[in-house]
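Notes for the one structure printed next.
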Amino acid sequence: MSTLHVTIRAPDSKLDLTVPADLAIGKLMPSLLEMAGLDTGNGSPGDWAIAPPGADPLPLERTLADCGVADGAVLAFHLAARPASAESDERPLPAAPGPAAASTGATAMGGATAVGPPSAAAPEADPAEKAASAATEMVPAGAAEPGAPRPAVRPAEDTFDPGPGLPLARSRQVLPVQLGVGERLLTAARAAVALEQKEESAGGGQRRVDRASALRPASVRAAPATTPLDQWRASWRRTDYVRRLEAATSAPRLRRCVAIGVISPKGGVGKTTIAALLGALLSYTRQDRVVAIDAEPDYGSLGSAVTPDHEFFVDDVLDIFDEGDLTVAELDASLGRGPDGLMVLPAPNDPSRLERLDAYAYSRVITHLKQKAEVVLLDCGTELREPSTQAAIRSADQLILVSDADPSTATLVAQAAKLLRISEAPMMLVVNKLPRRSAQVDLDALGSLVPDAAGMWTVESDPATSARVAEGTFTWREPVGRCGVSIRELACLVASQWPALGLASSVPRVVSRA
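If you want it as structure tokens, here you go:
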């Protein structure tokens, strides 16, 4: 019997388990519910089901292997919908935790809101009310741009619901559990003992190959372990936190291209570094065609960071569009490519060429490239009303709003988040350059100012990795500094939103990387 290592989220807990991959889910459910404290008492699943976050429930008659669930996958318990006639008997959902009663640390500074460490200052008005009031006074620039496409209205069923709680706490719930060394050793030992007992009971150690694995293509089927030591090593690798993050990131099967805008209202926070690291990781981990577009009008540095010697720019693509379409082969040949496969379309440095790149021009480029790639990253400028940034916001399926650990920057970012509410795209807050000790920014206070954010995460300060990105020498194939894990966590959080947005199917894919 083959096994999988999965994390299953319950309403009040997380289960990190090794489960049979070829046993019907309906037969697994009673044991899973009992361990989660949700036992129905009659040996049946009752109204409960399990599913990947934001996806449809997995059929009880199928196995995890049949559903394409991979090692390191995150699943969650859900109450199945009941007919209207049974509404009176419906089981109540667990109550969501209420807002914290403690002070958030937000204080008034000259009419703006500052985000700093908690203090004994007098309580302010509800940050959500202040944000909503300010948002009504903001009108997006460039809305009447001649010929510019109008913002697409996302279907109601694809609208992202961030859920209860603060953004940072919600994001922590999505990530796989990070096992300690002792837990990993115990899991590996159990896997080895289970195989040894199986071989002894089989009388001579004859190995069986499960039917689900036999039906998979040879290129994506892992060779079965032959000895208890092989099984121990395989289990140890599966429980590695970085491997589980990469498995969760690569699992969603995209239905169409996803466009991700990376934005900050202040320069120097590491926005371009975040875009370059995230794009390279998605390309390396998922093996998708990932294109990063430099949408910064003031001499953006994305191209020089990833492909410093390439001389093909955004306006060159426009010239090709004027003559005809751009094939995938021509796209691959024209764009610069980083060591991890990330393709980059930089902005030109010539001011006369930059003048040509208005909102309509950028909208054309983004629309065409979304038809040729699986992921498009948009590295935007600091002026949110710039035509190029407006075009990126209108085209984005997801937005990443970047701050650093300085409270004044966090205040500016919270104000920018109000303006970005004009977009239908869910917004992720990222606090970059976070020191390991004595961080001045209060993360919960920042999250409370943008409670409707799709999520929030932090990236550790890592000057060495930032320098490698700026020099164009960075690759995920080599050891990464302190920010390596937090960037992988960010990629996992971004990919976890795709099923709920209708961008990816509920059946995970399998990626084989040499």
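The sequence shown stops at residue 513 when you use numbering that gives the first Met the number 0, and every number in between is there. In this text, a Cβ means the ideal position worked out from N, Cα and C, and glycines have one as well. Note that the structure is predicted; figures quoted are calculated from it, not measured.
Residue burial classification, residue i (beta-carbon count within 10 angstroms, cutoff 16)
i	result
Q496	buried
R393	buried
T474	exposed
Q230	buried
V479	buried
K410	For clarity, residue 410 is Thr in the given sequence; the question names Lys instead. So T410 counts as buried.
E245	buried
K26	exposed
G179	exposed
P434	exposed
P264	buried
S437	exposed
S30	exposed
S521	Since the first and last residues shown for the chain are 0 and 513, residue 521 lies out of range.
E385	buried
P406	buried
A463	exposed
Q397	buried
D339	buried
Nonlocal neighbours in the same chain, by C-beta distance under 6 Å from residue i, ignoring five residues either side
i	result
A452	P166, M426 and L428
V374	V257, L281, D287 and V289
R481	E459 and D461
8 Å Cβ cutoff met for residue i and residue j
i	j	result
A494	T248	yes
A291	V305	yes
L344	V327	no
P227	E195	yes
A404	V430	yes
T17	A190	yes
D243	G71	Note that residue 243 is Arg in the sequence shown here, rather than Asp. Against a cut-off of 8 Å, the Cβ pair of G71 and R243 comes out as a contact.
P56	H77	yes
I7	A75	yes
A275	V468	yes
R285	F320	no
Cβ neighbours of residue i in the same chain (closer than 7 Å, five flanking residues each side left out)
i	result
R355	D314
E382	T388
R183	W235 and T238
Residue i Cβ short of 7 Å to the ligand ADP heavy atom set
i	result
K13	With respect to the ligand ADP, the structure offers nothing, as it holds no ligand at all.
Cβ-based neighbour list, residue i, same chain, cut-off 8 Å, excluding 5 preceding and 5 following
i	result
P498	P51, P52, G53, A54, P251, S504 and S505
R254	G501, L502, A503 and S504
L442	L167, V430, M455 and T457
S485	W456, T457, V458 and E459
Residues that DSSP places opposite residue i in a beta bridge
i	result
G260	L377 and L398
H367	None, per the DSSP bridge assignment.
H77	A48
G267	According to DSSP, which records beta bridges pairwise, G267 is partnered with nothing at all.
T62	A23
D293	D378
R336	M342
L253	A503
**Report entry** Continuous beta strand (DSSP E) assignments of at least 3 residues falling wholly in the segment 384-415
**Finding:** 397-402
**Report entry** Runs of alpha helix (DSSP H) lying entirely within the segment 439-513, each at least 4 residues, in chain order
**Finding:** 442-448, 462-470 and 482-495
Query - Secondary structure, beta strand (DSSP E): runs of 3+ residues fully inside the segment 0-54 - result: 2-9, 12-19 and 47-50
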